[in-house]
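Peer 1: This is the structure, below, for whatever I ask next.
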Amino acid sequence: MTAPRLIAVIDIGKTNAKVVLIDAESGAQLAARSTPNTVRRDGLYPHADVERLAAFITTSLRDIHAERGIEGISITTHGATGALMAGERLAMPVLDYEHAGPEETSDAYGKVRPDFSESLSPRLPNGLNLGAQIFWQSQVHGERFAEVTAILAYPQYWAWRLTGVMASEVTSLGCHTDLWAPQTGAFSSMVAERGWTGLFPAARPANSVLGTILPEIAAATGLPGDTPVTCGIHDSNASLIPHLGAHEAPFTILSTGTWVIAMTVGGDTTHLDAGRDSLANVDAFGRAVPTARFMGGREFDMLAPGAVEPTDADIAKVIAEDVQALPSFMAGVGPFPGSVGRWTNGPDQLSAGERTAAVSLYLALVTQACLGLAGVGRQIVIEGPLARNALFGEALARLTGVPVNASGDATGTSLGASMLFGGTHAAAAPGLERRPLEAARFDAYCVRWRERV
Numbered sequence: 000m001t002a003p004r005l006i007a008v009i010d011i012g013k014t015n016a017k018v019v020l021i022d023a024e025s026g027a028q029l030a031a032r033s034t035p036n037t038v039r040r041d042g043l044y045p046h047a048d049v050e051r052l053a054a055f056i057t058t059s060l061r062d063i064h065a066e067r068g069i070e071g072i073s074i075t076t077h078g079a080t081g082a083l084m085a086g087e088r089l090a091m092p093v094l095d096y097e098h099a100g101p102e103e104t105s106d107a108y109g110k111v112r113p114d115f116s117e118s119l120s121p122r123l124p125n126g127l128n129l130g131a132q133i134f135w136q137s138q139v140h141g142e143r144f145a146e147v148t149a150i151l152a153y154p155q156y157w158a159w160r161l162t163g164v165m166a167s168e169v170t171s172l173g174c175h176t177d178l179w180a181p182q183t184g185a186f187s188s189m190v191a192e193r194g195w196t197g198l199f200p201a202a203r204p205a206n207s208v209l210g211t212i213l214p215e216i217a218a219a220t221g222l223p224g225d226t227p228v229t230c231g232i233h234d235s236n237a238s239l240i241p242h243l244g245a246h247e248a249p250f251t252i253l254s255t256g257t258w259v260i261a262m263t264v265g266g267d268t269t270h271l272d273a274g275r276d277s278l279a280n281v282d283a284f285g286r287a288v289p290t291a292r293f294m295g296g297r298e299f300d301m302l303a304p305g306a307v308e309p310t311d312a313d314i315a316k317v318i319a320e321d322v323q324a325l326p327s328f329m330a331g332v333g334p335f336p337g338s339v340g341r342w343t344n345g346p347d348q349l350s351a352g353e354r355t356a357a358v359s360l361y362l363a364l365v366t367q368a369c370l371g372l373a374g375v376g377r378q379i380v381i382e383g384p385l386a387r388n389a390l391f392g393e394a395l396a397r398l399t400g401v402p403v404n405a406s407g408d409a410t411g412t413s414l415g416a417s418m419l420f421g422g423t424h425a426a427a428a429p430g431l432e433r434r435p436l437e438a439a440r441f442d443a444y445c446v447r448w449r450e451r452v
């Protein structure tokens, strides 16, 4: 098969879903459509509105193909999500991982889940461990679960909807699911012990062509019936793809969106802490990648509504008056999961610029804590929305003492997913260097923050 040039990437994040057209030769984004990724509250439990997403994807593919042409489709989605299939339909809705339902069976699940030494997957709240979701569904909705014939990770669910072919894939199985043992490259012991092994389809590489689009998809979108579709990939790992082989290891990629995820390629897993939301992700080649993360994008939106780029005066005032946000404003996740977020000074008295400055510094300090767990590479590359936050990057450069580059792409996720068809167009992209922050008394400000934490 000739590698396609015009690649539509279905990119489903926790907050927004997109369909983006990427030129495989240049890496340029040629077109994009976006919609909020809404959660339905009806039925058994809060769940993904997959039919609304399916309609959005179909319409986007149709319109982009009519405008520009599409020659291939790649898929990337957020993690901690799976589809329980009963033949050709869902056995039950696709659970929203923020739903607290799995906490109902937490004690029982704690007795069957694998040790951290096997899975390199920490116990996380609600449904952030996919294994905890499946266990809860099997216990609380046993009649429905008895109908399950296959379990698909979320990228592969969408690949199945496009092609009719079911598969498993390691980046999705290996992202804090408790289902995978990264060091052996196999399912964890829990999967066999729970009798789930036969429910997972055979694993395929993320970059394999799973099949071509179904006739009904071709009819609805106008795409040729032989349009190929990749198996799909977990979104954080998609962000890694443009950088694999392009930097001297170890190097760190910060994938940012709803989550800020620090992944140090070529690092070791010895400093991971099961109690501080650090883990091993599994990259597209099946290798363990030490990872630590927190819900930084969600916190930024909460703490800095109406954000604006802060001035030097805004930054200086925040530092001089010791205005600090302290972790964590999203309970149970990140490197300080037991801490309750608070401000040292009332944020209501701050201007929009001052508040943005304080929150940007907060994100940099929590990111530094994450890097203490995942390791700091020889350089740091920021992908996603925080790449546009100059103060965040400058503070991180000062805190870590290594070069920090901000990717010029709006998101590395879609670009990386497009590269599942091959190509190295982004491999040498250096991004914008963020010079270390030179604000007076910043070092003392950071010392006080750490003492308070």
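Quick note, in numbering that gives the first Met the number 0, the sequence shown goes up one by one and the last residue is 452.
Note that beta-carbon positions come from the ideal geometry of N, C-alpha and C, so glycine has one too.
On the DSSP bridge assignment, give the partners of Met-84 in chain order.
Peer 2: Met-84 pairs with Leu-89, Ala-149.
Peer 1: If you compare alpha carbons, which of Arg-32, Glu-24, Trp-258, Gly-184 is closest to Leu-362?
Peer 2: Per the Cα distances, Trp-258.
Peer 1: Who are the near neighbours of Leu-372 in its chain, counting only those whose CB is closer than 7 Å to its CB and skipping five residues on each side?
Peer 2: Cβ neighbours of Leu-372 beyond the five flanking positions: His-270, Leu-271, Asp-272, Arg-275, Ser-277, Ala-291, Pro-334.
Peer 1: Could you tell me which residues DSSP pairs with Asp-10 in its beta bridges?
Peer 2: Beta-bridge pairing links Asp-10 to Lys-17, Thr-75.
Peer 1: Would you tell me roughly how many angstroms separate the C-alpha atoms of Trp-157 and Ala-219, rounded to the nearest one?
Peer 2: Spanning the two alpha carbons is a distance of roughly 16 Å.
Peer 1: On the CB-based measure, 16 or more other CB atoms within 10 Å of its CB, does Arg-160 come out buried or exposed?
Peer 2: So Arg-160 ends up on the buried side.
Peer 1: How many angstroms separate the CA atom of Pro-336 from the CA atom of Ser-327?
Peer 2: Taking the straight line from one Cα to the other gives about 7 Å.
Peer 1: Using 10 angstroms around the beta-carbon of Pro-289, count the other beta-carbons present and answer buried if the total reaches 16, otherwise exposed.
Peer 2: Its Cβ being crowded by 16 or more others within 10 Å, Pro-289 is buried.
Peer 1: What's the call for Arg-341, buried or exposed, on a 16-neighbour Cβ count within 10 Å?
Peer 2: Under this definition Arg-341 is an exposed residue.
Peer 1: Assign Arg-451 to one of three DSSP states: helix, strand, or coil.
Peer 2: Helix, per DSSP.
Peer 1: Which two residues bound the contiguous alpha helix (DSSP H) that contains Gly-266?
Peer 2: Here Gly-266 belongs to no alpha helix (DSSP H), and DSSP marks it neither H nor E.
Peer 1: On the criterion of 16 or more Cβ atoms from any shown chain inside 10 Å, does Ser-235 qualify as buried, or is it exposed?
Peer 2: Answer is buried; the Cβ neighbour count reaches 16.
Peer 1: Could you tell me how far apart the beta carbons of Val-213 and Thr-162 are, in whole angstroms, since I believe they sit closer than 8 Å?
Peer 2: The amino acid at residue 213 is misidentified as Val; the sequence shows Leu. About 6 Å; that satisfies the 8 Å criterion.
Peer 1: Helix, strand or coil: how does DSSP classify Thr-162 here?
Peer 2: If DSSP states are grouped into helix, strand and coil, Thr-162 belongs with the helices.
Peer 1: May I have the straight-line CA-CA distance separating Ile-21 from Met-329, to the nearest angstrom?
Peer 2: Using only the alpha carbons, I get a separation of about 34 Å.
Peer 1: So, at 7 Å on beta carbons, what are the nonlocal neighbours of Gly-42 in its own chain, with the 5 sequence-adjacent residues on each side left out?
Peer 2: Here the set comprises Pro-92.
Peer 1: Would you kindly report the start and end of the unbroken beta strand (DSSP E) that includes Thr-412?
Peer 2: Where Thr-412 is concerned, there is no enclosing beta strand (DSSP E), although the alpha helix (DSSP H) it sits in stretches over 411-417.
Peer 1: With respect to the beta strand (DSSP E) encompassing Thr-290, which residues constitute its N-terminal and C-terminal limits?
Peer 2: Thr-290 -> beta strand (DSSP E) spans 287-293.
Peer 1: For the alpha helix (DSSP H) containing Glu-432, list its first residue and its last residue.
Peer 2: Where Glu-432 is concerned, there is no enclosing alpha helix (DSSP H), although the beta strand (DSSP E) it sits in stretches over 431-433.
Peer 1: Specify the secondary structure class of Leu-178 as computed by DSSP and reduced to three states.
Peer 2: If DSSP states are grouped into helix, strand and coil, Leu-178 belongs with coil.
Peer 1: Measuring CA to CA, which of Gly-224, Ser-254, Met-294, Ala-438 is closest to Ala-405?
Peer 2: The shortest Cα separation from Ala-405 among Gly-224, Ser-254, Met-294, Ala-438 belongs to Ser-254.
Peer 1: In angstroms, rounded to a whole number, what distance separates the CA positions of Arg-193 and Arg-143?
Peer 2: Their Cα atoms are separated by approximately 16 Å.
Peer 1: Less than 8 Å between the C-beta atoms of Ile-11 and Ser-417, yes or no?
Peer 2: The answer is no: Cβ separation not under 8 Å.
Peer 1: Pairing CB atoms from the region 344-364 with CB atoms from the region 381-394, are three or more of them under 8 Å?
Peer 2: Touching, yes, given that three or more Cβ pairs across the two stretches are closer than 8 Å.
Peer 1: Out of Ala-237, Arg-433, Ala-351, which has the shortest C-alpha to C-alpha gap to Ile-74?
Peer 2: Taking only the C-alpha atoms, the option nearest Ile-74 is Ala-237.
Peer 1: For the beta strand (DSSP E) that Arg-32 lies in, which residues bound it at each end?
Peer 2: Its beta strand (DSSP E) spans residues 28-35.
Peer 1: Compute the Euclidean distance between the alpha carbons of Phe-293 and Thr-80, then round it to the nearest angstrom.
Peer 2: Using only the alpha carbons, I get a separation of about 18 Å.
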